[in-house]
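S.K.: Quick note on numbering: the sequence shown equals residues 103 to 911 in our numbering.
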Amino acid sequence: MYKLSKVALVCSALLTTATQAQTINGQVLNANGKSIAKAKISVMGSNKKVIADENGRFKINTNKSNPELHISASGYAHKNQAIDFNQKNNQTLTITLVSSPIEVIDVTATPFHSSTIESAMPVSVLSGDRLREQQASTLGESLKSEIGVHSSSYGGVASTPVIRGLSGPRVLISQNGLDAGDVSRIGPDHSVTTEATTAQQIEVLRGPATLFYGSGAIGGVVNVVDERIPKSSDTFGEWTLQKGTNDQQKLASASLNTGSEQFAFHLDGFWRESENYEAGKQKNRIRQLVDNSFEDSTGGTLGVSYIADKGYAGISYGRLEREYGIPGHGEEGESVYADLTQDRVQLQSEVDIDSGALKALHSRLSYTDYEHAEIENGEVGTLFSNQTSEAKFDFMQQEIAGWRGGISLHYKKSEFSAIGDEAFAPASDNETFAIAMMQEQHFGNFLVQLGARTEYITLKSKSSQIEMFDVHSHEDHSDDEDHHDEDEHGDEHGDDHENEHPTEDIEVDAIDQSFATVNLSGGVVWDFVPGYNLGIAVSHAERAPSAAEILSFGPHIGAQTYEIGALYEIHEEAENEYHIDVLSADQPLELSNNIDLTLRKYEGDFGFVVNVFYNRVHNYYYQAETGLFAEFSHEHEDEMHEDADEHDTDHDEEHEHSDELPVFVFNHADAKLYGFEAQFVWQATEHLKTRVFADYVRAKLIEGGDLPRTPPLRFGGEINYNWQAFTSKLSFTRYDSQDKVAQYESQTNGYNLIDANVSYNLNIAQQDISVYLKAHNLGDVYAKNHTSFIKDEAPIAGRTLHFGIRGYF
C-alpha cells in the first residue's frame with residue numbers, strides 16, 4: 103500500500119508539472135507584415151531561447167503562468183511581450199517589430215538581460231562589421247571612435263580606453279566578464295592583452311560599473327567578448343588577411359567553432375607585425391618618424407565545452423606573445439622595447455537549476471600569468487609580473503513577486519612584482535572578497551533596476567628601503583641650463599648633482615591595509631511613448647586606491663615620469679633642498695556620487711541617444727606635476743662575446759647613464775566631472791544612412807584647477823552608403839583644442855580627421871567574402887592627442903591605408 107501511494111504521489115507531481123507547461127506558438131513580422139527570419143525569442147527570467155525560422159515562425163515552451171517574451175532581430179528595436187494564456191492559448195501569437203536606425207545589440211557585461219537601448223546605464227557595443235572596420239592593434243585605438251571613449255594613444259603600441267576622461271585604475275578591462283590580468287592599469291606604456299582581432303563584440307559601460315565588477319570599475323568597464331568557451335556545437339568561423347601602409351603592418355587571423363552533439367570546440371589565432379610609423383606632415387612638410395613604435399605579436403586560444411540540455415561547462419587556454427617598442431625613451435636609433443608573455447586559463451559554465459528558489463548558476467573562473475620585460479640596448483632594465491586568480495558565481499533566483507535577479511559572489515587576488523633599476527612600484531598583493539545583489543522588474547512602461555555590493559579589500563607590501571633621488575627645479579638651476587643642453591644624459595652631469603645634493607635612503611615599513619567599500623545603484627527606464635524611452639541611473643561608488651597610487655616611488659621610463667605615491671610627501675626645507683616624508687599607511691577611499699540621464703528615440707527612420715552625466719568625487723586620486731626634476735642613474739652591462747676569449751673581460755663593460763625626469767606625485771582632493779554624449783542617426787533611404795555625434799567632459803578640482811589629460815570637445819559625422827555588394831563609409835571628426843589644463847601641463851591644438859572604409863562583398867565556396875580598404879587620417883594632418891603621456895614625442899599616425907580580405911563561414 104505504501105509503495106502504491108509513493109508511486110501515485112510521483113505521478114501526481116509529474117502530471118501537475120505537465121499541466122503547468124505551456125507552449126507559445128508565434129510569428130515575428132515587420133511593420134509591413136513581412137516575416138522576419140532568424141529573430142531571437144527568449145522567456146524573461148529563464149534560459150529558454152529559440153530562433154525563428156525563415157518565415158518568422160517559432161515555438162517555445164515555458165512553465166511560467168504569466169511569461170514575458172523578449173524578441174530581438176538585427177535592424178529592429180527589441181520588444182517585450184507579456185503573455186496571457188487565458189487569451190492566447192492554442193492561438194498563434196503575432197509579434198510586430200519596428201525598424202530602428204540605432205543599432206540594438208544585447209549586452210553580456212551585466213547579469214540583467216539588457217541591450218544598448220534597454221539599460222538605465224549608458225552602454226555601447228561594438229560588433230559585426232563595425233568592429234572589423236574599427237579594430238586596430240590596440241584596444242584603445244579600436245574604441246576611440248565610440249561615443250564617450252578616447253584613447254591614451256601611447257605611440258599606437260599600448261593605448262588604453264579613456265572613458266569620460268577616466269582611465270587607468272578606474273576603468274576595468276575584462277575578457278568575458280573577468281579581469282584581463284595584465285598591468286595596463288598601472289602604466290600607459292603597458293599593453294592591454296585582450297585582443298580585438300578575434301573578439302565577437304566589445305562592450306563599453308560608461309559610468310560606474312562597480313556593482314557588477316567591483317571598485318576598480320568606478321569609471322567604467324570595457325568587456326571583450328569572444329567564443330573561446332563555446333556555448334553551442336554549431337560550426338562557424340572567420341579569417342582575415344591584411345596589409346597596411348605607413349607602419350607596413352601585416353595581419354593574419356582566424357577562428358573556428360565546431361563540435362558534435364555534446365562537445366564543442368574553439369580554436370583561434372593571430373599574427374601581427376608592424377614597423378615604426380610616421381606622423382602626419384608638419385608645416386615644414388617633414389614627416390616625423392616615431393622611434394620604437396613597432397610591434398610583433400602572436401596569440402592563440404583553444405577551448406572545449408560540454409553541452410547539455412540544461413546548460414554548458416567549458417575550459418579554455420590562451421597564450422599571447424608580444425614585442426612592442428616603447429616610444430619616447432632612448433636616444434635616436436636606440437632600441438627600447440617590451441617583451442610580453444601571458445598565459446590564461448578560463449573556466450565558464452551556465453546551468454539551469456530550477457529547484458526551489460534557485461533558477462540558474464553562472465560560474466566564471468580564471469588564472470592569468472603575465473610577465474613583461476622592458477629592454478634597453480639588449481639588456482633587461484625592469485621585469486614586471488602579475489599573477490591573477492579570479493572566481494565569480496552568480497546565483498540567479500526564481501521570480502519573487504515579479505522581481506528577477508540574483509546574488510553574486512566574487513573573489514580576486516593579484517600578486518604584482520617589479521624587479522630592476524626602473525621598477526617604480528614595489529611588489530604587492532591585492533585581494534578582494536565581494537557579495538552583490540541585483541534585482542529588476544517591469545512595472546507597466548517602467549523597468550526598475552536595483553543593486554548593492556559590498557567589498558573587503560586587502561593590500562599588502564613588504565618593508566623596503568628606497569634610495570632618495572636627487573631633485574631640483576629648472577628655475578633654481580637656471581645657471582646650469584647650458585650644461586643640461588650640452589650633456590643631458592652624461593655621467594658627469596649626474597655626478598655633479600649627486601655631490602651637490604647628497605642623498606639618503608628612506609625606510610618604508612611593511613604595508614597591510616584593508617578597505618571596506620559599499621556600492622549602491624538604482625535605475626529606471628521609462629517607455630513614455632512608443633519608440634522613445636528615458637533612463638535615469640544614480641549610484642554611489644567607492645574605490646580603494648591601487649598599490650601604484652599609494653606605493654609608487656621611482657622612475658617610470660615608459661611614462662617619462664618620476665612617480666611618487668600618496669604614501670609620501672615631498673617638501674622644500676631650504677632653497678633647492680627637498681625632503682621626503684613617509685605618511686600614514688592608511689589612505690582614504692575614493693567616494694563617487696553619480697547621476698546619468700539618457701533620452702533615446704529608437705524607432706522609425708530617425709533616432710537619437712543623448713546622455714548627460716554628473717559625477718562628484720571625494721578623495722579623487724590623480725597625478726600632479728610638481729615642476730621638479732629628478733636625476734637618477736641606471737646601469738646596463740654590454741657583453742661583447744664575438745671574437746673574444748671566454749676569459750677575456752676587456753669586452754665586458756658597464757655603462758652608467760644619468761637621466762632627468764619630471765616628478766609627479768599622487769594627490770587626492772575633491773573633484774567633479776560632468777559632460778554629455780549625443781548621436782543622431784537618419785536612415786535617409788534604404789541605401790543611405792547618416793550619423794552626427796558629439797561628446798564632451800569637464801574635469802576639475804572643487805577648490806580650483808583642472809585635472810590633467812582630459813579629452814577635448816569632439817564632434818563629427820559620417821555617411822554610410824550600401825548598394826548591392828558594395829558598402830562604404832566616410833567620416834569626419836573634429837577634435838577641439840584643449841586649453842583647460844593642469845599646472846605645468848601644455849595645451850593642445852585642435853585638428854580634423856577624415857577616415858573612410860570601402861568594401862565589396864561576394865560569396866565564394868559557401869563563404870561570405872569581403873574585400874576591403876580602410877583609410878585613416880586621409881588629410882595626413884599632424885596632431886597631438888591630449889590624453890597621451892607622450893603627445894609631443896609620439897603624435898598620431900599620418901595617412902594610413904589598410905588593404906584586406908576577410909571570409910565568414
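All residues carry an ideal CB built from backbone N, CA and C; glycine is no exception.
1. Label E583 either buried or exposed according to how many other C-beta atoms from any shown protein chain fall within 10 Å of its C-beta, with 16 as the threshold for buried.
2. If we cut at 8 angstroms on Cβ distances, does I682 have a partner in chain B?
3. Among V438, L467, F396, A646, whose alpha-carbon lies nearest the alpha-carbon of D281?
4. Taking the DSSP output, what are the residues bridged to E452?
5. Could you pull the DSSP bridge partners for A536 from this structure?
6. If you draw a straight line from the C-alpha of T337 to the C-alpha of Q868, how long is it?
7. Our contact map puts K352 next to E375 with C-beta atoms below 8 angstroms; I'd like the distance itself, whole angstroms only.
8. How is T484 classed by DSSP in three states: helix, strand or coil?
9. Looking at N532: is its Cβ nearer than 8 angstroms to the Cβ of S519?
10. In the DSSP assignment, find the alpha helix (DSSP H) that holds A527 and state where it starts and stops.
11. How far does the alpha helix (DSSP H) with G230 in it reach, from first residue to last?
12. Quick one: is R387 buried, meaning 16 or more other Cβ sit within 10 Å of its Cβ, or exposed?
13. If distances are taken between C-alpha atoms only, which option among T347, M223, G339, A650 comes closest to N359?
14. Under three-state DSSP, which class holds G318?
15. Could you tell me whether the stretch 398-415 touches the stretch 318-326, using the rule of 3 or more Cβ pairs below 8 angstroms?
16. For Q913 and P897, what's the separation of their Cα atoms in angstroms?
17. In whole angstroms, what is the alpha-carbon distance linking V767 and D698?
18. According to DSSP, is I288 helix, strand or coil?
19. Which ranges does the beta strand (DSSP E) cover as unbroken runs of at least 3 residues, wholly within the stretch 649-678, from first to last along the chain?
20. Determine which residues share a DSSP beta bridge with N717 and list them.
21. Identify the residues that DSSP records as bridge partners of M498: which are they?
22. If we count the other Cβ atoms within 10 Å of its Cβ and call it buried at 16 or more, is P814 buried or exposed?
23. Any chance you could list the beta strand (DSSP E) runs of at least 3 consecutive residues sitting entirely within the stretch 844-893, in chain order?
24. Please classify S686 as buried or exposed, where buried requires at least 16 other C-beta atoms within 10 Å of its C-beta.
25. In three-state terms, what does DSSP make of S519?
26. Could you tell me how far apart the beta carbons of F497 and L449 are, in whole angstroms, since I believe they sit closer than 8 angstroms?
27. Between the C-alpha atoms of G135 and T198, what's the straight-line distance to the nearest angstrom?
28. For L245, which of helix, strand or coil comes out of DSSP?
29. In terms of alpha-carbon separation, which member of G546, P810, E492, G480 lies closest to G504?
30. Are the Cβ atoms of V285 and I265 separated by less than 8 angstroms?
31. Three-state secondary structure (DSSP) at P810?
32. Taking the straight line between their C-alpha atoms, what separation do you get for K166 and S217?
33. Looking at the unbroken beta strand (DSSP E) that takes in K352, where does it start and where does it end?
34. Using CA atoms only, rank isn't needed, just tell me which of E235, A415, R287 is closest to Q364.
35. Would the beta-carbon of I126 fall within 8 angstroms of that of K142?
36. Based on DSSP bridge pairs, tell me the residues matched to T835.
M.R.: According to the structure data:
1. Residue placement at E583 cannot be trusted, given a pLDDT of 40 that sits under 50; what the coordinates show is reported in the next sentence. By the neighbour-count rule (16 or more Cβ atoms within 10 Å), E583 is not buried but exposed.
2. This model lacks chain B altogether; it includes just one protein chain.
3. The residue among V438, L467, F396, A646 with its C-alpha nearest the C-alpha of D281 is L467.
4. BP columns for E452 point to Y414, H464.
5. Answer by DSSP bridge pairing, in chain order: H512, E557.
6. When rounded, the distance between both Cα atoms is 13 angstroms.
7. About 5 angstroms separates the beta carbon of K352 from that of E375, a gap short enough to meet the 8 angstroms contact definition.
8. DSSP places T484 in strand when its eight states are reduced to three.
9. The beta carbons of N532 and S519 sit no closer together than 8 angstroms.
10. Taken as a continuous stretch (DSSP letters only), A527 belongs to no alpha helix (DSSP H), as it is neither H nor E.
11. For G230, the enclosing alpha helix (DSSP H) covers residues 230-236.
12. Exposed, since its Cβ has fewer than 16 Cβ neighbours within 10 Å.
13. In terms of Cα proximity to N359, the closest of T347, M223, G339, A650 is G339.
14. Helix at G318.
15. They do not touch, by the three-pair rule.
16. Here the chain has residues from 103 to 911 only, and residue 913 is not among them.
17. Straight-line measurement puts the Cα of D698 at about 31 angstroms from the Cα of V767.
18. Residue state, collapsed to three classes: helix.
19. For the stretch 649-678, whole beta strand (DSSP E) runs of length 3 or above, ordered along the chain, are 655-658, 663-666, 670-676.
20. In DSSP, N717 forms a bridge with N696, L775.
21. Answer is A462, G508, bridged to M498.
22. By the beta-carbon neighbour count (other beta carbons within 10 angstroms, threshold 16), P814 is buried.
23. Taken in chain order, the complete beta strand (DSSP E) segments of 3 or more residues contained in the stretch 844-893 are 853-866, 869-878.
24. With fewer than 16 other Cβ atoms within 10 Å, it is exposed.
25. Note: S519 maps to strand in three-state DSSP.
26. Taking a contact as a CB-CB distance under 8 angstroms, the pair F497 and L449 does not count as one, their CB atoms being some 17 angstroms apart.
27. Taking the straight line joining both Cα atoms gives about 8 angstroms.
28. DSSP, reduced to helix, strand and coil, places L245 within a helical segment of the structure shown.
29. When each option's Cα is compared against that of G504, the closest is G546.
30. 8 angstroms or more divides the Cβ of V285 from the Cβ of I265.
31. The DSSP-derived three-state label of P810 is coil.
32. K166 and S217: Cα-Cα distance of roughly 23 angstroms.
33. That run of the beta strand (DSSP E) goes 352-361.
34. Comparing Cα-Cα distances from Q364 to each of E235, A415, R287, the minimum goes to A415.
35. At the C-beta level, I126 and K142 stay beyond 8 angstroms of one another.
36. When DSSP reads this structure, T835 sits in a beta bridge with G818, L855.
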